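Using UniProt numbering, the first residue of the sequence shown is number 1, and each one after it goes up by one.
By construction, the Cβ of each residue, glycine as well, lies at the ideal position given by its N, Cα and C atoms.
The structure displayed is predicted, hence computed values, not measured ones.
Single-structure report; data block below.
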Amino acid sequence: MNDNAPVTPLILVLEDEADIARLICGALADYGFRSEHVATGRELLARARKASPDLVIVDLGLPDMDGMQVVRELQDGSPCAVLILTGRNDVTDRVLGLELGADDYLVKPFEPRELVARVRSILRRYQRAASPDPGADERNVAIFANWRFDTGRLALARPGEPEVSLSAAEAALLLTLLRRPSKILSREQLLGERDVDPFDRSIDVRISRLRRKLDDDPQRPKLIKTVYGAGYLFSAQVRWE
Numbered sequence: 001m002n003d004n005a006p007v008t009p010l011i012l013v014l015e016d017e018a019d020i021a022r023l024i025c026g027a028l029a030d031y032g033f034r035s036e037h038v039a040t041g042r043e044l045l046a047r048a049r050k051a052s053p054d055l056v057i058v059d060l061g062l063p064d065m066d067g068m069q070v071v072r073e074l075q076d077g078s079p080c081a082v083l084i085l086t087g088r089n090d091v092t093d094r095v096l097g098l099e100l101g102a103d104d105y106l107v108k109p110f111e112p113r114e115l116v117a118r119v120r121s122i123l124r125r126y127q128r129a130a131s132p133d134p135g136a137d138e139r140n141v142a143i144f145a146n147w148r149f150d151t152g153r154l155a156l157a158r159p160g161e162p163e164v165s166l167s168a169a170e171a172a173l174l175l176t177l178l179r180r181p182s183k184i185l186s187r188e189q190l191l192g193e194r195d196v197d198p199f200d201r202s203i204d205v206r207i208s209r210l211r212r213k214l215d216d217d218p219q220r221p222k223l224i225k226t227v228y229g230a231g232y233l234f235s236a237q238v239r240w241e
């Protein structure tokens with residue numbers, strides 16, 4: 001066995017309908033992903049604490065609890081990438097899911113190849129964020145605007161204050177911005193490699209949430225500035241330690 005072989009990402013699939021779960025897990029297996037199926041929210045939360053999955057696919061309509069509550073508790077206790085998969089085609093649900101830290105939202109019925117494409121896009125985004133920055137000299141703590149962000153622990157804090165809780169999606173977004181300060185980054189660059197629909201609000205929602213956690217006034221942001229028609233720019237100086 002090669003100890004240096006790359007580890008295949010683990011995906012937990014939360015779906016109470018067995019036929020749909022088999023379809024999802026089969027599609028993931030066809031493209032080389034490891035997956036495990038769980039049928040209830042409580043089972044998923046317990047499994048996530050033990051298995052530390054790379055991504056969780058969450059159905060919102062569950063027998064034991066609301067899927068949005070699962071996303072909330074997952075990000076509070078076992079932060080990881082999240083893809084919401086549901087029959088609810090409602091803008092409010094989509095925005096709420098993104099506010100809670102989900103990375104993407106796919107509506108049933110779905111094409112298995114699109115599901116796999118979304119999974120790949122999300123995982124690529126996290127892999128890029130986690131990969132070493134050649135210009136950082138292996139330093140993994142970013143200091144900016146009286147904030148300290150430890151990229152190894154994904155811990156954000158100011159001197160003498162408690163750490164600020166970040167979802168996995170928010171941490172990856174912040175790291176992308178910190179690595180390219182004073183550069184305009186498009187939605188495509190911030191989201192990943194897939195094309196972004198003009199009506200896709202996922203990055204806007206995540207930027208808004210990140211601004212609140214950084215105490216960056218959304219009406220007059222000083223850290224994460226909107227460049228209309230182009231994307232976003234991180235304006236603070238960043239020092240790596």
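Query - Unbroken alpha helix (DSSP H) run spanning residue 27, endpoints - result: 18-30
Query raised in the report: Can you name the start and end residues of the alpha helix (DSSP H) that residue 213 belongs to?
Result: Per DSSP, residue 213 is one residue of the alpha helix (DSSP H) stretching across 202-213.
Requested in this report: In angstroms with no decimal places, state the Cα-to-Cα distance between residue 80 and residue 54.
Outcome: 6 Å
**Report entry** Cross-strand partners of residue 148 (DSSP beta bridge)
**Finding:** According to DSSP, residue 148 bridges with 143 and 157.
Query raised in the report: In the DSSP assignment, what are the bridge partners of residue 10?
Result: 34
Query - Contacts around residue 77, its chain only, beta-carbon distance under 8 Å, and the 5 residues preceding and following it disregarded - result: 45, 48 and 49
Query - Test item: CB-CB of residue 155 and residue 163 under 8 Å - result: yes
Report task. Evaluate residue 104 with the Cβ neighbour count: other Cβ atoms within 10 Å of its Cβ, from every protein chain shown; 16 or more gives buried, anything less gives exposed. Result -> Buried is the call here.
Requested in this report: For the beta strand (DSSP E) holding residue 83, just list the boundary residues, first then last.
Outcome: Start and end: 81-86.
Query raised in the report: DSSP state of residue 228, grouped into three classes?
Result: coil
Query raised in the report: From residue 212 to residue 7, what distance separates their C-alpha atoms?
Result: In this structure, the straight-line span from the alpha carbon of residue 212 to that of residue 7 is close to 35 Å.
Requested in this report: Put residue 64 into one of helix, strand or coil per three-state DSSP.
Outcome: It is coil, neither helix nor strand.
Requested in this report: Just mark residue 167 as buried or exposed, buried being the case when its beta carbon has 16 or more other beta carbons within 10 Å.
Outcome: buried
Query raised in the report: With burial defined as no fewer than 16 other Cβ atoms inside 10 Å of the residue's Cβ, what is the status of residue 202: buried or exposed?
Result: Residue burial is scored here from C-beta neighbours: residue 202 has at least 16 other C-beta atoms within 10 angstroms and is therefore classed as buried.
Query raised in the report: Near residue 30, which residues of its chain fall below 7 Å by C-beta distance, leaving aside the five closest residues on each side in sequence?
Result: none
Query raised in the report: From what residue to what residue does the beta strand (DSSP E) around residue 107 run?
Result: 104-107
Query raised in the report: Between the stretch 170-184 and the stretch 218-235, are three or more C-beta pairs nearer than 8 Å?
Result: With the cut-off at 8 Å, the stretch 170-184 and the stretch 218-235 touch.
**Report entry** For residue 177 and residue 120, the rounded distance between their alpha carbons
**Finding:** 21 Å
Query raised in the report: Does DSSP put residue 47 in a helix, a strand or coil?
Result: In the structure shown, residue 47 sits in a helix (DSSP, three-state: H, G or I).
Query raised in the report: Shortest alpha-carbon distance to residue 172 belongs to which of 220, 158 and 152?
Result: Looking at the Cα atoms, 152 is the closest of the given residues.
Requested in this report: Compute the Euclidean distance between the alpha carbons of residue 92 and residue 69, then round it to the nearest angstrom.
Outcome: 15 Å
Query raised in the report: Quick one: is residue 237 buried, meaning 16 or more other Cβ sit within 10 Å of its Cβ, or exposed?
Result: Per the 10 Å Cβ criterion, exposed.
Requested in this report: Rank 190, 149, 219 and 123 by C-alpha distance to the C-alpha of residue 206 and give the top, closest one.
Outcome: Closest option to residue 206, Cα to Cα, is 190.
Query raised in the report: Per DSSP, what kind of secondary structure is residue 74 in: helix, strand or coil?
Result: helix
**Report entry** Whole-Å CB distance - residue 83 paired with residue 59, under 8 Å assumed
**Finding:** Actually they are not in contact, since the Cβ atoms of residue 83 and residue 59 sit about 10 Å apart, beyond 8 Å.
Requested in this report: Work out the CA separation of residue 221 and residue 243 for me, nearest whole Å.
Outcome: Any property of residue 243 remains undetermined from this structure, which presents the chain solely from 1 to 241.
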